[in-house]
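These notes are about the structure you will find just below.
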Amino acid sequence: MHAVVVRVRLDLAYDGTDFAGWARQPGLRTIQGEVEKALAGLYSKLGPIASLVVAGRTDAGVHARGQVAHLDLSDEQAAKIEVSRIALSVNGLLSTMPSTMPSNTPGGNQDIVIRRSTISDEGFDARFSALWRRYEYRIADTLPARNPLTRRTTAWTTKPLDVELMNEAAAQMLGLHDWAAFCRPRPFATTIRTLQEFMWVRTGDDTVVASLEADAFCHSMVRALVGATVAVGEGRLSVDDVVRLREALERTSAFKVMPARGLTLTEVGYPDAAGLAVRANETRARRTREALIAERAEQAARAEQTHGTGARQLANQPEMG
23 MHAVVVRVRL DLAYDGTDFA GWARQPGLRT IQGEVEKALA GLYSKLGPIA SLVVAGRTDA
83 GVHARGQVAH LDLSDEQAAK IEVSRIALSV NGLLSTMPST MPSNTPGGNQ DIVIRRSTIS
143 DEGFDARFSA LWRRYEYRIA DTLPARNPLT RRTTAWTTKP LDVELMNEAA AQMLGLHDWA
203 AFCRPRPFAT TIRTLQEFMW VRTGDDTVVA SLEADAFCHS MVRALVGATV AVGEGRLSVD
263 DVVRLREALE RTSAFKVMPA RGLTLTEVGY PDAAGLAVRA NETRARRTRE ALIAERAEQA
323 ARAEQTHGTG ARQLANQPEM G
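Residue numbers for the sequence shown follow my numbering, so the first one is 23 and each next one is one higher.
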């Protein structure tokens, strides 16, 4: 491998409908897979490209208009093309790649667009330097609000929603919490997150739109939070019910996780240039510490099931960090 000399920031948008999510998966069409395939074509004969690092690993069917990734280039790769022109070149390759969209779709069959390619500031890491991620969830809850032109990015529900009640419930969710009741479990992954913003509005076209912002979101967390507050808006749950469900720390069937199609990653926030490396180092250290704590908790739970005393022995070990 050649020495890395340039880290490139890529700002991108995509219609996630026909993708199996961001992360590369064998035999499946993913955003990472398609973009890396285009990059491999662009830098063919100059060695393998580095894997993209992304701010938000969106799930299958989730969209983005403010996604951020970074790419590390070798010296030879960096010399091939001006960084500002990478976006244009990759878009050209993406537009020729097979897609599930009809070839006569306006703008071609391209459902991923690299909006900008720039040399990143020193210390930038698309994932670990991020201060927050912001998502939007769109719902058409009345027949007049159902627009076929936005059906790929808007969920449809059958009952009118009480936005005022939904905002009462959303306000109770703010802050630092363990979101185990709202996250799909993953091995050794923490479910502790800080929800910084959660607000519902009814727009002029009668669409109900949620805005959620957090330092990071765990798997399925946004769609579960939306589903819980929708249940409040439909009268199936009370505000107090949602708080109790959060505090129970267990997955529940009391509300539904909303469909992916209504969800869009709209923006990722970063500190100024001077704070990028500091933020990245802090986040890496915290995630490592949280992963170790989560791993110990899982080991303790397994020991409790099989030996009884094992959990107490593990629990009495000193805290990490």
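Ideal Cβ placement from N, Cα and C applies to all residues, glycine included. None of these values were measured; they are calculated from a predicted model.
Residues near residue i by beta carbon distance below 8 Å, same chain, minus five either side
i      : result
Val254 : Asp184, Leu187, Met188, Glu190, Ala191, Ser260, Val261, Asp263, Val264
Arg208 : Cys240, His241
Ser106 : Ser139, Thr140
Arg137 : Asp33, Leu34, Ala35, Ala109
Ser111 : Leu64, Ile103
Pro170 : none
Glu144 : Ala295, Leu298, Ala299
Thr164 : Pro182, Asp228
Gly197 : Thr216, Leu217
Sequence-distant residues of the same chain with beta carbon closer than 7 Å to residue i, five excluded per side
i      : result
Thr356 : Residue 356 is absent from the model: the chain starts at 23 and stops at 343.
Asp21  : A query on residue 21 cannot be resolved here, the shown segment of the chain reaching from 23 to 343 and no further.
Thr288 : Arg87, Gly88, Arg156, Tyr157, Glu158
Arg266 : none
Ala236 : Trp154, Arg155, Arg215, Thr216, Leu217, Gln218
Val248 : Tyr159, Ala232, Met280
Thr225 : Val231
Ala238 : Arg155, Arg215
Contacts around residue i, its chain only, beta-carbon distance under 6 Å, and the 5 residues preceding and following it disregarded
i      : result
Arg46  : Thr52, Gln54, Gly55
Val223 : Val231
Ser151 : Tyr292, Leu298, Arg301, Ala302
Glu312 : Thr212
Simplified DSSP state of residue i, which is helix, strand or coil
i      : result
Ser233 : strand
Leu32  : strand
Gln132 : coil
Asp218 : Here the sequence assigns Gln to residue 218, which means Asp is not the residue at that position. Residue state, collapsed to three classes: strand.
Phe41  : coil
Ala82  : coil
Ala211 : coil
Gln89  : strand
Asp227 : coil
Thr286 : strand
Gly257 : coil
Asp143 : coil
Val27  : strand
Ser111 : helix
Asn169 : coil
Gln47  : coil
Ala333 : Below a pLDDT of 50, predicted positions are generally treated as unreliable, and Ala333, at 46, falls in that range; the measurement from the model is reported next regardless. Three-state result, Ala333: helix.
Thr251 : helix
Leu116 : helix
Lys67  : coil
8 Å contact criterion, which residue i and residue j should meet: CB distance rounded
i      : j      : result
Arg29  : Ser142 : 5 Å
Glu256 : Leu234 : Wrong, their Cβ atoms sit about 19 Å apart, outside the cutoff.
Leu115 : Leu64  : 6 Å
Val57  : Arg149 : With 8 Å as the limit, Val57 and Arg149 do not qualify as a contact, their Cβ atoms being about 16 Å apart.
Thr39  : Arg283 : 7 Å
Ala72  : Leu50  : About 21 Å separates the two Cβ atoms, so there is no contact after all.
Gly43  : Val290 : Not a contact, Cβ separation roughly 17 Å.
Val244 : Thr179 : No, Val244 and Thr179 are not in contact; Cβ-Cβ is about 17 Å, not under 8 Å.
DSSP bridge partner residues for residue i (one or two, in chain order)
i      : result
Trp178 : Ala162
Gly291 : Trp154
Thr138 : Rather than Thr, the amino acid found at residue 138 in this sequence is Arg. According to DSSP, which records beta bridges pairwise, Arg138 is partnered with Asp33.
Val76  : Ala91
Asp200 : Ile214
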